[in-house]
Every structure is written in C-alpha cells, then in structure tokens.
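Have a look at the structure below, then the notes.
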Amino acid sequence: EKQSAAIENEIAKFVGNWASAWSRKDVKAYLSFYAKDFQTPRGMPRKDWEAERKQRIDKPGKLQVTVDDIKVSISGDTATVRFRQQYTSATLKSSTSKTLILVKSDNKWFIQQERVG
Numbered sequence: 329e330k331q332s333a334a335i336e337n338e339i340a341k342f343v344g345n346w347a348s349a350w351s352r353k354d355v356k357a358y359l360s361f362y363a364k365d366f367q368t369p370r371g372m373p374r375k376d377w378e379a380e381r382k383q384r385i386d387k388p389g390k391l392q393v394t395v396d397d398i399k400v401s402i403s404g405d406t407a408t409v410r411f412r413q414q415y416t417s418a419t420l421k422s423s424t425s426k427t428l429i430l431v432k433s434d435n436k437w438f439i440q441q442e443r444v445g
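The numbering of the sequence shown is our numbering, which starts it at 329 and goes up by one.
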C-alpha cells in the first residue's frame, strides 16, 4: 500500500511537471515527457506530430495549463492517469478530462498514450 502511495505521488509530480513545461512553452522539455513509441494521433509520423505541437505551443500570448483531480492506477511498469486539465490561452479557455497511459523505462515515466475523455 505504502509503495503505491509513493508511486502515485511520483506520477502526480510527473503530470504537474508536464503541465508546467507546457505552460512555460518549453517545447523541448514538454516533448521529453513522451515515450519514443508514443502513439501519435491518427498514427501521424512522430516528426510531424512534434512540429505540430511546437507550432501550437509557440503561439504568442500567455499559456496556462493546470491539472487537478488526479487519479492513478498502476499495473507493473504501466500507469493510467486520469485528471481534469484546465487550459487557458489568449484565444481559448477549456476544461477537459484527460487520460495518460504512462510507461516506465530506465526508472523514468513517459507518456505512451494521451486521450481526451
């Protein structure tokens, strides 16, 4: 039990750091959270996906991404994280529920899948 609480805290911190890199528009740091075998939307090539993310994140104006209500379930080296994401930019304000599937590799977590809902 205690072990899983520690892992849950580690994962909550990971998700917070991911949102923080996104908010700072630190594209390099943001992309480093994604696993090499990340399942890109519509199976687009990784390079195209990265370019699209960079273009979206690099837009002028303030950006703030925060997460709350984090729920974690862990199975071995895989974790499923559900949370509410508040996204505020110059042109958009949204609140969505998100699910991230994380995988552990070399003692670090990475995002393998990202789903809305």
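Note that CB positions come from ideal geometry on N, CA and C, so glycine has one too.
Owing to the predicted nature of the structure, the values given are computational and were not obtained by experimental measurement.
Nearest to residue i (by Cα), restricted to the options the options
i: lysine 387; options: Asn435, Val355, Trp346 and Ile398; result: Val355
i: arginine 384; options: Thr424, Arg352 and Asn337; result: Arg352
i: aspartate 348; options: Thr427, Lys436, Tyr415 and Arg443; result: Going by the sequence as given, residue 348 is serine instead of aspartate. It is Tyr415 whose Cα lies nearest to the Cα of serine 348.
i: lysine 426; options: Gly445, Ala418 and Lys436; result: Gly445
i: threonine 424; options: Lys399, Arg443, Lys436 and Asn435; result: Arg443
i: leucine 391; options: Thr419, Ile402, Val400 and Ser403; result: Thr419
i: glutamine 413; options: Val393, Gly371 and Ser401; result: Val393
i: lysine 421; options: Phe361, Phe366, Asn337 and Gly389; result: Gly389
i: serine 360; options: Asn345, Ser401, Val395 and Ile402; result: Asn345
Unbroken beta strand (DSSP E) run spanning residue i, endpoints
i: arginine 443; result: 436 to 444
Along the chain, which unbroken stretches of the beta strand (DSSP E) at least 3 residues long are found entirely within the region 354 to 434?
391 to 403, 406 to 417 and 421 to 433
Taking 8 Å as the threshold, find out whether the region 399 to 409 comes into contact with the region 431 to 444 through three or more Cβ pairs.
yes
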